[in-house]
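What follows is one structure encoded as structure tokens, with my remarks underneath.
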Amino acid sequence: MRIEPKHTQRAAVVILGSATLFTLVILVLIIVFVLEKGLPAVSLEFLFTKPQEMGRAGGILPTLVGTILLPLVAIAIAMPLGVGTAIYLTEYTRETRLTRIIRFGTDCLAGIPSIIFGLFGFIFFVTTLGMGWSLLSGGLTLAIMVLPTIIRTSEEAIRAVPNAYREVSCSLGATRWETVVKVVLPNALPGIVTGMMLSVGRSIGETAAVIFTAGSSLRMPHSVFDSTRTMAVHFYILAREGISNENAYGTAAVLVIAVLLVNMLTYWLMHRFIARKAR
Amino acid sequence: MTSSFTLVPETVGPPTKIAVRDLKVFFGKQMALRGVTLDVPACRILGIIGPAGSAKTTFLRALNRMNELSPDSHMEGQVVLDGQDVYHPEFDPVLLRKRVGMVFALPMPLPMSIHDNIVYGPRLCGIRGRSTLDELVESSLKAAFLWDEVKDRLKTSALRLSGGQQQRLCLARTLAMQPEVIMLDEPCSGLDPISTARIEEALTTLKARYSIVLVTNNTKQAARVADTTAFFLMGELIELGPTSQIFTAPHDKRTNEYVTGRFG
Chain A
1 MRIEPKHTQR AAVVILGSAT LFTLVILVLI IVFVLEKGLP AVSLEFLFTK PQEMGRAGGI
61 LPTLVGTILL PLVAIAIAMP LGVGTAIYLT EYTRETRLTR IIRFGTDCLA GIPSIIFGLF
121 GFIFFVTTLG MGWSLLSGGL TLAIMVLPTI IRTSEEAIRA VPNAYREVSC SLGATRWETV
181 VKVVLPNALP GIVTGMMLSV GRSIGETAAV IFTAGSSLRM PHSVFDSTRT MAVHFYILAR
241 EGISNENAYG TAAVLVIAVL LVNMLTYWLM HRFIARKAR
Chain B
280 MTSSFTLVPE TVGPPTKIAV RDLKVFFGKQ MALRGVTLDV PACRILGIIG PAGSAKTTFL
340 RALNRMNELS PDSHMEGQVV LDGQDVYHPE FDPVLLRKRV GMVFALPMPL PMSIHDNIVY
400 GPRLCGIRGR STLDELVESS LKAAFLWDEV KDRLKTSALR LSGGQQQRLC LARTLAMQPE
460 VIMLDEPCSG LDPISTARIE EALTTLKARY SIVLVTNNTK QAARVADTTA FFLMGELIEL
520 GPTSQIFTAP HDKRTNEYVT GRFG
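See below:
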């Protein structure tokens, strides 16, 4: 029996609509749940004082700092490497067997569980290179972990820049590099930044790779060679060791809000950038 | 720059700007341009007509080595600009493209302001200084008959201009590099008659200072503005002569059929 197109159309709207609604509801539920449980513990004092008794009392200041610094270190290392690789793969090489292998390799890298990166970071950076548990070890490990994301999103963004722009630039006497800097990168920037923010998000929320490489010291880090504890790790330890459920949820709430803020800030910056260009 | 190549002795007419000798261009194994020999005269408009797929664009792109951007292309023959072989290994293609400018078929402003589009090339050449660049913007836009329409909004995005304005901006952008040769690849294919007339007006004024190569699908346009006209067919140069002769008394039967609209 054939169903009337009118009905299939209506069914499609209902099914797709409820799928969207379902996703949104779950997202909101998670956020509300975490905030409801965590916000009572959050105060200015909680944010800006040091923890006491392993975190049973006091605030989360060092972990807040660690959460800000660690992704920064990771991004500072991963961005030049990742964007550079993406530019090389798209602008300076032809599509060959080798580039396909490289691309396949980065895709595989993206699928590796983060704890494997943690293990590698522990063996290589912490032990073999003797960096110890430190911001640097953690940052390097996270950088390796997010590299595939940065490479692939940058590559897609660069590929999406119309080829005609490159030809025009070239016909106006620009070298390939001048074209990349003046035409390709500015137009690929929104996509590149999106990849960067995805990576920041992943780094902020990462636990397994961080606990092995950046350690879990509750002291305030003073240099990249100091160990640090991020909020995600702090939450994990507080909850796992049963130290303080209250403070664990408080930390989770701050983490969720931080991620939201980072995303909102990015969207706002992106919007401004695009609006200014289209003026 | 050394080149052992010497020009073929001049017969009559204007001096030669670019001498093309037995030029062949291949994409992969396929030969797109099949041995073209012609002279681009200085300070004249050379019109190139022919049906789609007759390698007119490939010919233009061979003159400023843009075909090299396609990875599987290679060429044979010679292209000689002012006595220098432009395919000589020591000849810098970037320098060549500054001397031989190009306007593409589709208006393709870069996604930046009108002002920045025009100064893109000059800045790459190392021209600095606000007043110098501003003067260049004004003179180029005036030469492309666009100044009056955009002089109050030079800082707005070039993407906001109409198609005809965008194409004149592209012409102005090419002019701002102060090239010696301007190549236009069907510059009016997407434009209305008034915008087309503006561009043609600009070209006839510009030929006093530049050598112009105009590829066009519109035979009437070639008849209106070109001094000499070349007819391309299937990658070959069929006939080259003064425009009036090509359109009224062509030697080749195929040229006659094309210009009278019996095929193509």
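Top line first, the protein sequences correspond to chains A and B. Its first residue numbered 1, the first sequence is counted upward by one per residue in my numbering. Its first residue numbered 280, the second sequence is counted upward by one per residue in my numbering. The beta carbon of each residue, even a glycine, is placed where N, CA and C say it ideally should be.
Could you give the DSSP three-state label for residue i: helix, strand or coil?
i       : result
A592(B) : Lying before the first or after the last residue shown, residue 592(B) is absent from chain B, which here runs from 280 to 543.
Q261(B) : No answer is possible for residue 261(B): the residues shown for chain B start at 280 and end at 543.
S43(A)  : coil
K37(A)  : helix
I115(A) : helix
F284(B) : Bear in mind that the predicted position of F284(B) carries a pLDDT of just 49, short of 50, making it unreliable; the figure below should be weighed with that in mind. Coil, per DSSP.
I151(A) : helix
F370(B) : coil
G326(B) : strand
I68(A)  : helix
I224(A) : The sequence given here places Val at residue 224(A); Ile does not occur at that position. Three-state result, V224(A): coil.
T539(B) : coil
E289(B) : Because the pLDDT of E289(B) is 45, which lies under 50, any placement of that residue in the model is unreliable, and the question is left without a value.
S410(B) : helix
S436(B) : strand
S333(B) : coil
M345(B) : coil
W426(B) : helix
R176(A) : helix
G17(A)  : helix
T93(A)  : coil
Restricting to Cα atoms, I'd like to know which of the options is closest to residue i.
i       : options                            : result
L185(A) : F104(A), P71(A), A86(A), S244(A)   : A86(A)
T508(B) : V299(B), A311(B), R323(B)          : R323(B)
P71(A)  : T266(A), F125(A), T230(A)          : T230(A)
V193(A) : P40(A), L129(A), I158(A), V224(A)  : I158(A)
K37(A)  : E246(A), W268(A), T266(A), L269(A) : E246(A)
S419(B) : A311(B), I327(B), L375(B), A481(B) : A481(B)
Q446(B) : K430(B), D431(B), R477(B), V460(B) : R477(B)
E53(A)  : M79(A), G242(A), L265(A)           : G242(A)
L142(A) : Y249(A), G82(A), T8(A), N263(A)    : G82(A)
I473(B) : R407(B), G307(B), A437(B), F424(B) : F424(B)
T336(B) : E518(B), N496(B), A528(B)          : N496(B)
P221(A) : C108(A), L39(A), T67(A)            : T67(A)
G356(B) : R409(B), P350(B), L348(B), V365(B) : V365(B)
V146(A) : G130(A), E178(A), E206(A), R97(A)  : E206(A)
M310(B) : G332(B), E417(B), V538(B)          : G332(B)
G118(A) : R202(A), V210(A), H7(A)            : V210(A)
L189(A) : P148(A), A214(A), R272(A)          : R272(A)
P293(B) : T484(B), L325(B), P458(B), D471(B) : L325(B)
E428(B) : S468(B), A487(B), G443(B)          : G443(B)
V256(A) : G201(A), I274(A), T266(A)          : G201(A)
Q457(B) : P386(B), A437(B), E479(B), L485(B) : L485(B)
F235(A) : S227(A), A252(A), G111(A)          : A252(A)
If contacts are defined as beta-carbon pairs under 8 Å, then residue i and residue j qualify, I think. What distance do you get, rounded to the angstrom?
i       : j       : result
C232(B) : V382(B) : This structure cannot settle anything about residue 232(B), because the visible part of chain B is limited to 280 through 543.
L339(B) : V492(B) : 6 Å
P368(B) : R344(B) : About 12 Å separates the two Cβ atoms, so there is no contact after all.
L516(B) : V315(B) : 5 Å
L512(B) : R533(B) : 6 Å
Below 9 Å on C-beta distance, what does residue i contact in chain A?
i       : result
C404(B) : G173
G380(B) : S171, L172, G173
K377(B) : L172, G173
R432(B) : Those within 9 Å of R432(B) in chain A number zero; the least Cβ separation is about 10 Å.
R452(B) : V168, L172
What residues from chain B crowd round residue i, counting only those whose CB sits closer than 7 Å?
i       : result
V180(A) : By Cβ distance, chain B contributes nothing, its closest Cβ being about 13 Å from V180(A), past 7 Å.
R94(A)  : P350
Please list the partners that residue i has in chain B, where partner means a Cβ-to-Cβ separation under 8 Å.
i       : result
A164(A) : F383, L385, M387
N187(A) : P390
List, in chain order, every chain A residue whose beta-carbon is nearer than 8 Å to that of residue i.
i       : result
L348(B) : R166, E167, C170
M547(B) : Residue 547(B) is absent from the model: chain B starts at 280 and stops at 543.
M345(B) : E167, C170, S171
Bridge partners of residue i, per DSSP?
i       : result
F511(B) : L516(B)
A57(A)  : Q52(A)
P521(B) : T507(B)
M381(B) : M462(B)
L389(B) : Answer by DSSP bridge pairing: none, since L389(B) is not bridged.
P320(B) : T295(B)
F306(B) : Q309(B), S352(B)
Q363(B) : L360(B)
V315(B) : L302(B)
S490(B) : V460(B)
Run through chain B and tell me which residues come within less than 9 Å of residue i, C-beta to C-beta.
i       : result
V183(A) : L389, P390, M391, Y399
At a CB-CB cut-off below 7 Å, which residues of chain A make contact with residue i?
i       : result
V373(B) : G173, T175
Mind checking if residue i is an interface residue toward chain D, Cβ cutoff 7 Å exclusive?
i       : result
T295(B) : Checking the listed chains, one finds no chain D in this structure; the protein chains it contains are A and B.
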